[in-house]
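Notes for the one structure printed next.
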Amino acid sequence: MEQTNDDLQDRLYDKSYTCPICGEKFKAKDIKKGKTVFEGMDLGLRAKFNPILPDYYYVLICDKCGYAAVTKTFNKINNVHIKNIKENINKNYKPKKYTPVYDAKTAIDRYKIALYFAHIKESDLSERAYIAQKIAFIYGDIDDKEQELEYNKHAYNWYSDAYIDEEFPIMDMEENQFLYNLAYLSYKIGNKDETRKTLGKLAVKKDLSNTLKEAVENFVEIIKNEDKA
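For the sequence shown, this note's numbering gives the first residue as 15, with consecutive numbering after it.
Rendered as structure tokens:
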């Protein structure tokens, strides 16, 4: 049965947060527990839920100063970040009005605001990559191939640099999951040679989780079938 906007809104609630920049208390939409059904993971290990996709709600935006970040890094902020943000923040900021139920366009808009703040606070490249990949996922939801490719390229480049410069865990990913994600991103941007190389490294690892082992085997099979076509 098709879900109405009211049906979807009933699955959401207002969660309270405190802005680490200005100290303002504000509320943001989140999904009530037990109100979505897990339907598995796609090739990029993105969890799929019905009828609401949780990652449409992963961005927090302060109503007072406009500071935005994804939930997992919103409060992971140091004095240098705060200084950079305060120097670049709009003193006359007025919050955007969003409908309670976020569609793809709204989610993309919010992620792009978070990406802007990731740039101005000079965050780790992995944080920017994480946001870019989320944007790419959502562009994929609406079949915008051009923008999906552009943001996957950003994600791949930033994660590749993060692999050299940052220590694990990177954005909550241990090395095996991180490498799988790099394989996926290289595949999405058309670099199959790099995908094969990375999957080959993963395939011989002894410490893969069962979930990741199955994902690697499935991915290798997809590549083989495409090569035969």
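Glycine included, each C-beta is placed from N, C-alpha and C at the ideal position.
Excluding the 5 residues flanking it on each side, Asp138 has same chain C-beta neighbours closer than 7 Å at Ala176 and Glu180, in chain order. In this structure, the alpha-carbon of Asp241 lies about 10 Å from that of Glu235.
For Val73, the closest alpha carbon among the candidates Lys97, Lys135, Cys79 and Ile145 is that of Ile145. From the listed residues Ala229, Tyr125, Thr87 and Ala82, the smallest Cα separation to Met185 is found for Thr87. Residue ranges of uninterrupted alpha helix (DSSP H) with 4 or more members, entirely inside the segment 64 to 126 and ordered along the chain, are 93 to 102. Residue pairing by DSSP puts Tyr27 in a beta bridge opposite Asp44. Closest by C-alpha distance to Ala121, out of His133, Val94, Ala150 and Lys108, is Ala150.
His168 counts as buried, since at least 16 other C-beta atoms from the protein chains shown sit within 10 angstroms of its C-beta. Counting every other CB atom within 10 Å of its CB across the protein chains shown gives Lys110 a total below 16, marking it as exposed.
For Gly154, the uninterrupted alpha helix (DSSP H) run begins and ends at Leu139 to Asp155, by DSSP.
Scanning its chain for C-beta atoms nearer than 7 Å, with the 5 sequence neighbours on each side dropped, one finds around Ile134 the residues Asn98, Ile99 and Asn102, in chain order. Segment contact: the segment 54 to 61 against the segment 190 to 203, three or more CB-CB distances shorter than 8 Å; contact assigned. Short of 7 Å from the beta carbon of Lys238, and not among the five residues preceding or following it, lies no beta carbon of its own chain.
Beta-bridge pairing by DSSP links Met187 to Ile184.
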